[in-house]
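These notes are about the structure you will find just below.
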Amino acid sequence: MRNELLFNNKKWSISDTTNKAIIDQQQWQESLKFNEENSRLSPGYNHHQKPKELLDARTELRNIIKQTHDYCCFVDGSWTSSTECACIGWLLYNNNAQFALRGMASINPMPTALEAEAEVLRTAMIHMKRLGYKKVTSTLFHNIKRIQKHWWEHSSISMYLQDILRLTQDYDQVTFSKIPRVVNFVADNLAKNARLNSIGLVISWNDVS
């Protein structure tokens with residue numbers, strides 16, 4: 001809210017301010033609880049990767065970040081079936097490869113993995129916009145063109161794309177980039193943590209100013 005006032009000159013009513021403060025407090029408490037339970041894990045920790053693979057992935061991740069705009073957002077969805085809850089995770093870095101913002105959530109079942117990927121991108125863009133980030137490169141395991149290819153096959157994909165395209169208009173600059181899955185271990189790990197712990201929406205941030 002403070003960023004929207006500073007950057008967008010947007011003011012809120014008393015009731016809206018109260019409601020948003022309650023939501024922010026709940027998210028902050030959940031974030032603290034999650035961070036305490038996972039304090040031994042760094043944002044990029046993945047115990048399934050061997051040390052050499054992890055080092056190579058970290059190096060490539062840093063190279064990708066340094067070639068982007070002011071911020072780079074990694075997103076991923078965890079999906080197993082259309083009857084089980086899907087999970088999403090995203091993490092925002094500045095161009096010095098410092099973690100600035102991350103989010104994760106267990107969400108309602110999604111018909112396909114592709115729709116889970118579209119949902120995490122949409123959700124990440126909503127929260128980055130809300131917090132005042134205006135120049136972002138969003139990285140996906142699936143190419144955005146693959147999502148566009150299924151525009152007519154799945155009406156829900158069409159709705160996600162329309163939302164994403166509308167959201168891009170609120171950014172000064174936004175780019176979508178496809179990356180190898182091995183490099184996306186950060187967002188993948190967040191999504192899997194949300195699944196294992198049945199986490200509601202949790203957003204945490206780091207002061208990198």
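When the sequence shown is numbered by our numbering, its final residue is 209 and no position is left out of the sequence of numbers.
Built from N, CA and C at the ideal position, the CB exists for glycine as well.
Relative to the C-alpha of residue i, which residue among the options is closest?
i: Y93; options: A194, Y133, G77 and R166; result: Y133
i: N206; options: N95, A100, R181 and L91; result: A100
i: G200; options: I107, M159, S177 and E84; result: I107
i: S158; options: H127, V182 and E115; result: E115
i: F176; options: R122, V182, H127 and E84; result: R122
i: R166; options: V182, V120, T80 and I126; result: I126
Kindly indicate if chain D contains any beta-carbon less than 8 Å away from that of residue i.
i: D207; result: The structure shown has no chain D; it contains just one protein chain.
Is it true that the CB of residue j sits closer than 8 Å to the CB of residue i?
i: S204; j: R102; result: yes
i: P109; j: S156; result: no
i: G89; j: A113; result: no
i: A124; j: V202; result: no
i: F185; j: A57; result: yes
i: C72; j: T168; result: no
i: T139; j: I164; result: no
Which same chain residues end up closer than 6 Å to residue i when comparing Cβ atoms and leaving out the 5 residues on each side of it in sequence?
i: T59; result: none
i: Y171; result: K134
i: D188; result: D76
i: S198; result: S106
i: L41; result: For L41, the predicted model reports a pLDDT of 39, less than 50, meaning its position is unreliable and no value from the coordinates is stated.
Excluding the 5 residues flanking residue i on each side, which residues of the same chain have their C-beta closer than 8 Å to its C-beta?
i: A97; result: L61, R62, I65 and K66
i: S82; result: P109, M110, P111 and T112
i: N95; result: I65, K66, T68, H69, D70, Y71 and C72
i: V208; result: N94, N96, Q98, F99 and A100
i: A84; result: A small correction: the amino acid at residue 84 is Glu; Ala does not occupy that position in the sequence shown. Excluding positions up to five away in sequence, the list reads P109.
Closer than 7 Å to a non-hydrogen atom of the ligand NAP - does that hold for the CB of residue i?
i: G89; result: This structure simply doesn't include the ligand NAP, nor any ligand for that matter.
Which residues in the same chain have their Cβ closer than 7 Å to the Cβ of residue i, if we skip the five residues on either side of it in sequence?
i: F74; result: W90, L91, T139, N184, V186 and A187
i: W79; result: A86, M110, A113 and A116
i: L196; result: none
Contact between the stretch 56 to 68 and the stretch 189 to 203 is defined here as three or more beta-carbon pairs at a separation below 8 Å; is this criterion met? Taking a cut-off of 8 Å for Cβ pairs, the stretch 56 to 68 and the stretch 189 to 203 do not touch, as fewer than three such pairs fall below it.
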